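Numbering (the working numbering), first residue to last: 2 to 321.
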Amino acid sequence: MGLAGKILAVLNVLAGVVFLIVAGLDYSTRQAWALRVFQQEFVLRGLPIDENETNVEGQSLVKAMGKGMPGRLFANVGNPVTTQQQEVERRYQELRAQIDQAQDKRKAIEAILVPLARTWGEREEIRRQNPNELLKPDGLFEALFKSALHGAETSLDERRDAIAHLLFNLAKPEEQQRVVVVVGLESYVRAAEKQSAILAQMLPQLQRDMSDERTTFEGQHRVLLQENLAMNERVTAATDLLHKQSAVQQQHDLLVNQRKKDIEEMNHNIVVAQKATAEALALQTRMENELFETHQLIARTAEENLKLEGDIKNREGKAR
């Protein structure tokens, strides 16, 4: 082979290498674009309803997602799931746990079910029902999840709308982005539009109820105001009477204290008098004893005198 042939062969080899490199780059770029397009389909349509949903080719959408797609879709919005049904089940368990742990079960149930009501009458009915009735197997709580969890008898689009309505109204503001990932932008927008229409239909009734409640409140307020004024007058009169009674009580306390002092003084005088009386009685007893002894001495002396007078008379008679 001549020099020109060798050069041509080398160039062919280099061209082949370049072709392979360019083809590899083109394939990787095409794969990246295809992956992005595939991901955007999930962004628009949302996750598969369940593991049985397939694409137009009959392939399972869950398997088509692969292992990496859920992580990319749920970046920064929480733990990933692969189907909308899994998300509904997760939300169901979470809400039941909240209700079971709540001290005020009625308040917890109303916070969940009232936003899901489609009419003003349904909202009022939820507020009127007993919480235990709402949680029964055939109660409203289970019924709202039934069409989303076990909606085999409905079409996929109906199940998508039911799940979107459920998750959209159950999610807090900070959880709405996760709902978008689960149900897709299309279903999310439809759910938002339907909820907006539902709220618009409720608005007239809400305004009427607000007007009725305002009228009722105004009437009750006037009655309460009159009662408060009357009560204020009674309180003022009672306060004045209390002040007067307090002044009387103070005077009584002063008199009582004075009488207590008088009693103490009288008790002291009684003790002193009792002591003086005891001393006088002792002196009287002593004097009586001395007087008794004196009377005895006088009696003895008189007796002796009588004896002496008798002796004298006897001696004078003998002398004569």
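From the three backbone atoms N, C-alpha and C, an ideal C-beta is built for every residue, glycine too. Note that this is a predicted model, so its numbers are computed, not measured.
Opposing strand residues paired with residue i [DSSP bridges]
{"i": "Ser61", "result": "Thr55"}
CA-to-CA distance, residue j to residue i, given in whole angstroms
{"i": "Glu305", "j": "Glu289", "result": "24 Å"}
{"i": "Leu74", "j": "Arg179", "result": "9 Å"}
{"i": "Leu284", "j": "Gln275", "result": "14 Å"}
{"i": "Arg301", "j": "Glu280", "result": "31 Å"}
{"i": "Arg46", "j": "Arg161", "result": "9 Å"}
{"i": "Pro81", "j": "Leu200", "result": "31 Å"}
{"i": "Glu42", "j": "Thr84", "result": "14 Å"}
{"i": "Glu323", "j": "Ala238", "result": "Because the chain in this structure spans residues 2 to 321, residue 323 falls outside the shown range and cannot be described."}
{"i": "Asn233", "j": "Leu226", "result": "10 Å"}
{"i": "Val249", "j": "Arg260", "result": "16 Å"}
{"i": "Val257", "j": "Ala231", "result": "38 Å"}
{"i": "Leu168", "j": "Ser212", "result": "32 Å"}
{"i": "Ser29", "j": "Ala193", "result": "Model confidence at Ser29 stands at a pLDDT of 48, short of 50, so the residue's coordinates are unreliable; what they give is reported in the following sentence. Those two C-alpha atoms are separated by around 38 Å."}
{"i": "Ala24", "j": "Thr120", "result": "Because Ala24 sits at a pLDDT of 48, beneath the cut-off of 50, its placement in the model cannot be relied upon, and the following sentence gives the value as read from the coordinates. Cα to Cα, Ala24 sits roughly 60 Å from Thr120."}
{"i": "Gln99", "j": "His222", "result": "38 Å"}
{"i": "Glu159", "j": "Thr217", "result": "43 Å"}
{"i": "Ala320", "j": "Asp312", "result": "12 Å"}
{"i": "Met267", "j": "Arg287", "result": "29 Å"}
{"i": "Gln297", "j": "Gly318", "result": "32 Å"}
{"i": "Val273", "j": "Leu242", "result": "46 Å"}
{"i": "Leu36", "j": "Leu157", "result": "Reliability of the predicted coordinates at Leu36 is poor, the pLDDT of 47 falling under 50, and no value is obtained from them."}
{"i": "Met70", "j": "Pro116", "result": "32 Å"}
For residue i, three-class secondary structure by DSSP
{"i": "Asn131", "result": "coil"}
{"i": "Ile199", "result": "helix"}
{"i": "Ala24", "result": "Residue placement at Ala24 is poorly supported in this model, since its pLDDT is 48, which falls under 50; the coordinates still yield a value, given next. Residue state, collapsed to three classes: helix."}
{"i": "Ser156", "result": "coil"}
{"i": "Arg119", "result": "coil"}
{"i": "Lys314", "result": "helix"}
{"i": "Val78", "result": "coil"}
{"i": "Asp254", "result": "helix"}
{"i": "Leu136", "result": "coil"}
{"i": "Lys173", "result": "coil"}
{"i": "Gln246", "result": "helix"}
{"i": "Lys319", "result": "helix"}
{"i": "Thr83", "result": "coil"}
{"i": "Ile50", "result": "coil"}
{"i": "Gln104", "result": "coil"}
{"i": "Lys68", "result": "coil"}
{"i": "Arg301", "result": "helix"}
Buried versus exposed, by CB contacts within 10 Å (16 or more), residue i
{"i": "Pro174", "result": "exposed"}
{"i": "His166", "result": "buried"}
{"i": "Val236", "result": "exposed"}
{"i": "Glu95", "result": "exposed"}
{"i": "Pro138", "result": "exposed"}
{"i": "Met66", "result": "buried"}
{"i": "Ala144", "result": "exposed"}
{"i": "Pro205", "result": "exposed"}
{"i": "Phe142", "result": "buried"}
{"i": "Ile127", "result": "buried"}
{"i": "Gln86", "result": "buried"}
{"i": "Arg92", "result": "buried"}
{"i": "Asp51", "result": "buried"}
Neighbour flag for residue i against chain B, beta carbons, 8 Å
{"i": "Asn306", "result": "In the displayed structure, chain B is absent; only one protein chain is listed."}
Alpha helix (DSSP H) segments (min. 4 residues) lying fully within the region 214 to 244: The region 214 to 244 contains no whole alpha helix (DSSP H) run of 4 or more residues.
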